[in-house]
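What follows is one structure encoded as structure tokens, with my remarks underneath.
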Ligand SMILES: Cc1ncc(C[n+]2csc(CCOP(=O)(O)OP(=O)(O)O)c2C)c(N)n1
Ligand SMILES: Cc1ncc(C[n+]2csc(CCOP(=O)(O)OP(=O)(O)O)c2C)c(N)n1
Ligand SMILES: [Mg+2]
Ligand SMILES: [Mg+2]
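Chains as they are written, first to last, in my numbering: chain U, 1 to 354; chain E, 1 to 354; chain X, 1 to 327; chain R, 1 to 327.
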């Protein structure tokens, strides 16, 4: 319940200069924006563009604009009817969004923390996910879920629950790692005719800046990005961990080891082609995510690689993820729990020397 | 909502004679019982043994005894105070079980179908799963979840949601495949000091008979069973799919191909030692479950094998599971959706000839 | 309490409503006998006793209104234009069914051309969906209303209360019909709740409510129509508790031995269809011949539906993975 | 409505209650200043305005009773015997904290030796857990009671209603205190619900309820003690709505600019601690010197707690994976 976005991020490497380096998938023209500003920008842009888009969630409205202020200013700009404060009843208001979406609106739902998405679980996994398959009704909403830890928020404000939803048929799941993608994936998610869960990475909110195209900007769902080229091994990751992987890769570059980094961007649909393409080239793969390693998304990716790129593999596919424990609060515990560039570095050294 | 246990099972091979063949892990002395009778037996045995055990759920009480009659007779025998009908409020009654368990009782909760476990999600994944880690409170309950399909019950009475819970830190998960294990794992689950989700396989309820030891009988959590020995490839499975795998293995035996079949029995903790031991021996692995293949438990197992038995593998680890769709109702669709011995056979032929 | 609407059925409407009730009864009986003969597929729900509610409330809606019915509301599907043939094909899992064989019995019988939202098992998930539809109408300033149905069992769920609350806060044009049939599967009311009337749950959220005789189709219509008109004119949500009795088991396989015989005997005398037919006869709206003609017509329509369904193709297994996502 | 219990505080108890309220205030103020100085860790909740409720209700329990407090109930933890030192060490993530650094702020401060159940964020998950505890007491025929606390925001959740209903059906010895502090985070009551009084929600489930002045600790004690005694003697669950105001932001980082100044000004005059001190003075239970002595004692205890906490070791990272499962 803490609601505090002001924990002290540690080990999350902020990229604060203009040369963010993802020139291949972030447009180079545009303002410098933080990750969180890019989300707000994406929301406002699409609300401007489509009167069917409305925002709902706890505390999103009025002058407040949500626990993280992502929706601040939207009520002023678009009116209270398009930015609705909800009582603390996730099951009902996500269920209501199901109805709105069936009637042609495009609600963007904020759950206050990704952790609380479980409270609305049935409305997501039972109703929204199955409706198109069962009788053709289309449920085009987006749930924005501020996820991930590393900021001393404890077991209930640090969760990464994406695996539940990737395993559930009928949902789409995205997890941007850069400001440009944050905007572009959000707009694409809103335009998609299906329920999309959009996992925001809290540790990147204000620590990460990058160029964000003005106005219209979309990033297609289901398309990963190779954010660093390299021939010796592939790291597959998403969200905040992409930056940890890049940091580790830079360290190894000094030793003459070239790591390729794939940023999945979408977790469902998963861009297996890009992943397999890279691993076929490098012959070595490490999957990294902050979520619990056990039966996480990394398991699917590793299993897919192990099956479909078997002949190309020069080493076992490795995985790094959170421990199989709740996310602990205290810094030494959370740091032990959580993957970071040092742990990635250790794993990569092992992988390339296999 | 159908509540009908009387769909016609197809392709589920009943084993109705006395020589069930799992002599290595089911005691040979005991009555012949169906899978469902064995569950009732386990419940009654442990209620007899421990006055702290009580049963709660929708329609479990009185003369009715639950949608599948698993608890029929328990109210008569142990009194209404130990067999409680609950209003249709899964979140509250699983939450209440959390409190009972903290106070030293051992509630056994029936969710009417495994599909409805999602309605009580928070009480499971947020409260029960995390409490011991966070402050030492012990939550020893069991949720009995009638799961699995193949009996024409449609998208909401056929689900296999085990992956959600295996991914969640702090829960234990079991899934018996035989009457003897159904009894033994249930008693062990009740005695365990942690929340345990016990997935029953509906298609086995009345189609499967086998010897069940009388009285006291436990099967340890976290210990898999090698239910068929073979040197050419390993099938790793659980629940109803174990029998499909055994059928496929018999077919291949006629061709001189020896398949080893590992019945996981527990999904969490997972007996990696037995799995890796077998795969190290055979060099080939196929993981099979009825649940959605994508990001299912099979992904974890395949990834673990690919990482830890890499050098032993003579072929890619294969996986078979349900499609990434809701479970469809109509027989041709459900059969296309669902793994069976023929699909396993095809995969195994491919695997052994790799 | 809700104000009485004063809306009453004309004689022509009475005849129409009677036809839908008879059709519902005939179709339900047919389904039961199909299943007893082993020609069914999976489980299916009994409708007997609920005809006045599902038909009477459904009839109170205009075509542009949206409805999210539940598993005792076959009558509502029929009133809204879903044919016995489609419903039967659906129950038998055929390609020609409402959802092409993807969902079981009445589940997933959604068709937005008829403004019907299909339900999922997880009760009462239809309720917030109906609310969201109502909120969409408000948002676009359309004069439309959403109606949904729940049981006594569902009225215990958190989602029931959350939805009423949200509807009240937003003054949404939502009508909630509670079908209090005294049981949730095998569980009698007193094991479900400690209150006398479910309508009391409206007050806890600021939703006006009303109790009606759920076996009197005219009373159902009048209350429902009143609530619909009120919602349409900006008066907000309402709750109608219709008292009735589930006359068969929960679903086809359930003998309902847990229901006391006397209770059933009392309610059998209050059968909604027989009662309405008596009224029609007494008031001269229909004579015996007219009623028999309706019965014959319904029989024929249902029989044709059975033929259609049983002769329909099974879905093509190669389509199994299609349509998970909207294009 | 609940019958008045007639239970009143003796003078000695008044002095004790005052001490706990002052300790709560002092500890809360200390936490705020630690956080403002950058010596805090993560987010933490403000308690100001809630001292009468958390202390008064907690004080109404016997040692064998169980309590499941929420994030505005620091006073209740203290009354139940959790020391400022332990609570501070917990908030600072130290090995010596209630949960060894595993959970944040007041979360997870459970200790069954003190009959306190630790809460999770997902509100109001403590409510069914308290109910289950109460049902366990019933089952074993122990004369014990369970109490839990929820906010106005939580009173909208489905789980709130489900739990009250289940408690009523089982006549469980449960006392639910609703801390209606007019806001859920930034959301005022009128955006949360369309009713005047949350106590109305008791009636919808058959749970007797009562409205009290949540800033009057004696009123809180009397109502809570009455409900506890009633529950203990087999009278079943009750609901007490304590009206109050959250005087600071939701949590440390929240300036609460969304709360009108006038509202705060009105309530500032009703400060529960000052009011109670006035009463104590007026009734001659304490004089100024005695009150100052309490303040000094609380300051010293809290200061010692800060020293203890800040000097405590961090948890050993090698223990991170231990204790997920009970042995
Ligand atoms: C969340 C949830 N839990 C359990 C069920 C299983 N179930 C199907 S119908 C039913 C009883 C419903 O009773 P009620 O709401 O009174 O409707 P009725 O069947 O009596 O018309 C139950 C428990 C379900 N559908 N949804
Ligand atoms: C299920 C759930 N959703 C969202 C939150 C985030 N959250 C934390 S406190 C809070 C407001 C709670 O309001 P209230 O119940 O009135 O308690 P108060 O904080 O005012 O004491 C919210 C929305 C939560 N804790 N649980
Ligand atoms: Mg009912
Ligand atoms: Mg509040």
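Note that beta-carbon positions come from the ideal geometry of N, C-alpha and C, so glycine has one too.
- The residues 221, 224, 225 and 228, in chain order, have a CB closer than 7 Å to that of residue 60 of chain R in the same chain once the five nearest residues on each side in sequence are set aside.
- Assignment of residue 64 of chain U by DSSP, reduced to helix, strand and coil, places it in the coil class.
- At the C-beta level, residue 316 of chain U and residue 64 of chain E stay beyond 9 Å of one another.
- Here residue 110 of chain E is bridged, per DSSP, to E:57 and E:144.
- Closer than 7 Å at the C-beta level to chain E, one finds these residues of the region 107-121 of chain U: 118, 119 and 121.
- Along the region 156-213 of chain U, the alpha helix (DSSP H) occurs as fully enclosed runs of 4 or more residues at 162-167 and 179-191, listed in sequence order.
- The contact set of residue 162 of chain X on chain U, defined by CB atoms closer than 7 Å, consists of 89, 91 and 92 in chain order.
- In the three-state reduction of the DSSP assignment, residue 52 of chain E falls in the coil class, being assigned neither a helical nor a strand state.
- In the three-state reduction of the DSSP assignment, residue 266 of chain U falls in the strand class.
- One finds 317 and 320 in chain R with Cβ atoms closer than 7 Å to the Cβ of residue 336 of chain U, taken in chain order.
- The region 343-353 of chain U makes contact with the region 278-292 of chain U: 3 or more CB pairs, one atom from each, lie closer than 8 Å.
- Annotation for residue 191 of chain R indicates a beta carbon at 8 Å or more from all heavy atoms of ligand 2.
- Taking C-alpha positions only, residue 271 of chain R is separated from residue 24 of chain R by approximately 13 Å.
- The region 41-49 of chain U and the region 182-195 of chain U touch, with no fewer than 3 CB-CB distances between them shorter than 8 Å.
- Close partners of residue 58 of chain E in chain X (Cβ separation under 8 Å): 184, 185 and 187.
- Contact between residue 183 of chain X and residue 246 of chain X holds: their C-beta atoms lie close to 6 Å from each other, under 8 Å.
- For residue 202 of chain R, the secondary structure class from DSSP, reduced to helix, strand or coil, is helix.
- Residues of chain U whose Cβ lies closer than 7 Å to the Cβ of residue 310 of chain E are, in chain order, 316.
- Scanning U:225, U:206 and U:189 for the CA closest to the CA of residue 217 of chain U turns up U:189.
- Of the candidates U:106, U:225 and U:86, the residue whose Cα lies closest to the Cα of residue 178 of chain U is U:225.
- Only exposed fits residue 274 of chain R, as fewer than 16 other CB atoms lie within 10 angstroms of its CB.
- Taking 9 Å as the cut-off, the beta carbon of residue 157 of chain R is found no closer than this to the beta carbon of residue 129 of chain R.
- Listed by position in the chain, the residues whose beta carbon lies within less than 7 Å of some heavy atom of ligand 4 are R:151, R:152, R:153, R:179, R:180, R:181, R:182, R:183, R:184 and R:246.
- For residue 96 of chain E, not one C-beta of chain U is nearer than 9 Å to its own C-beta.
- At least one CB of chain E lies nearer than 9 Å to the CB of residue 157 of chain X.
- Residue 84 of chain U is bridged by DSSP to U:56.
- Distance check between residue 195 of chain U and each of U:328, U:82, U:101 and U:74 places U:101 closest, using alpha-carbon atoms only.
- Going by DSSP, residue 326 of chain X is part of no alpha helix (DSSP H) at all; its letter is neither H nor E.
- Taking a contact to require three or more Cβ pairs closer than 8 Å, the region 251-267 of chain X and the region 4-19 of chain X do not qualify as touching.
- When the alpha-carbon of residue 314 of chain R is set against those of U:205, U:332 and U:297, the nearest one is in U:332.
- In the structure shown, residue 335 of chain U falls within a helical segment according to DSSP collapsed to helix, strand and coil.
- At a beta-carbon threshold of 7 Å, the residues of chain E lying near residue 325 of chain U are 133 and 169, ordered along the chain.
- For the region 50-81 of chain U, the set of residues with a beta-carbon nearer than 8 Å to any beta-carbon of chain X comprises 54 and 81, in chain order.
- In this structure, residue 251 of chain X lies near residue 46 of chain X, with their beta-carbon atoms less than 9 Å apart.
- Per DSSP, residue 151 of chain R is one residue of the beta strand (DSSP E) stretching across 146-151.
- Of the candidates X:268, X:305 and X:258, X:305 places its Cα closest to the Cα of residue 98 of chain X.
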